[in-house]
Amino acid sequence: RRRTSSRRIGRRFPRSRFLHNGRVRAFGTAGAVAILAALFSLRFGSRDMEWADWFRALAEGPNTDGSAGVILWTFRGPRVAAALLAGGLLGASGAAFQGLLRNPLAEPYVLGVSSGAGAGGAIAVATGLGAWAGGLGTMALGFVGGAISLAMVLALARRDGRSEPTALLLGGVATGALLG
179 RRRTSSRRIG RRFPRSRFLH NGRVRAFGTA GAVAILAALF SLRFGSRDME WADWFRALAE
239 GPNTDGSAGV ILWTFRGPRV AAALLAGGLL GASGAAFQGL LRNPLAEPYV LGVSSGAGAG
299 GAIAVATGLG AWAGGLGTMA LGFVGGAISL AMVLALARRD GRSEPTALLL GGVATGALLG
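Mapping of the sequence shown onto the numbering used here: residues 179 to 358, in sequence order.
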């Protein structure tokens with residue numbers, strides 16, 4: 179009678195590299211920390227809230243009565259959701275820059291995007307367009323300025339239909355110096 183060892187069973191079902199190198203553990207830990215931080219941000223603020231009121235307002239949803247529900251669903255909830263969304267999008271854009279340039283230290287300043295956004299915002303303030311649409315004009319022109327500066331960098335770095343990371347870096351530094 180043959181016994182199968184755990185090594186033999188392990189070979190039949192090899193561990194994934196994703197599981198083996200700890201990425202799942204790292205992403206799980208980061209997700210748990212983000213959820214805990216969001217819950218603490220919903221619970222603590224300038225007005226003290228009893229734990230029972232907080233749990234009741236959280237369980238009943240946006241249509242709850244009382245000041246705890248109004249504070250939770252009108253003020254703190256949207257702010258926490260916006261913070262989580264902004265943080266995730268900033269992380270995704272940073273990862274896109276790092277992947278595009280094949281450089282783990284890449285940032286928007288390297289490509290001149292931040293300088294273009296600053297120039298767009300300054301133009302909005304100087305021309306009075308910053309007050310357009312209830313004050314969103316500065317942000318809108320900042321976004322447009324960043325997009326234009328990125329288009330300038332891509333145009334400068336384009337050669338034979340391709341963009342090399344070195345040319346992108348040099349074009350970004352030149353655009354940042356021009357607009358900064």
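Positions of the beta carbon are idealized from the N, C-alpha and C atoms, including for glycine.
Computed from a predicted model, the values in this text were never measured in an experiment.
Check	Outcome
Residue from T207, L236, A210 and G209 with nearest C-alpha to R221	L236
S327 and T305 closer than 8 angstroms at C-beta	no
Stretch pair the segment 272–289 + the segment 336–350: three plus CB contacts closer than 8 angstroms	yes
Sufficient close CB pairs (3 or more, under 8 angstroms) joining the segment 292–304 to the segment 314–331	yes
Alpha-carbon spacing of A273 relative to D243, whole angstroms	42 angstroms
Whether P343 touches L283 by CB criterion (8 angstroms)	no
A246: CB within 7 angstroms of a non-hydrogen atom of the ligand GTP	In terms of ligand content, the structure shown is empty, and the ligand GTP therefore cannot be addressed.
S224 versus L356: straight-line alpha-carbon distance, rounded	44 angstroms
Start-to-end residues for the alpha helix (DSSP H) that takes in S219	R201 to R221
Selected residue, minimal CA-CA separation from T316, among A300, E228, V331 and M330	A300
R340 in three-state terms, based on DSSP	strand
Sufficient close CB pairs (3 or more, under 8 angstroms) joining the segment 332–343 to the segment 262–276	no
Cβ neighbours of R254 in the same chain (closer than 7 angstroms, five flanking residues each side left out)	S219, L220 and G223
Where the alpha helix (DSSP H) containing V248 begins and where it ends	S245 to V248
Distance CB(L250)-CB(A216) smaller than 8 angstroms	no
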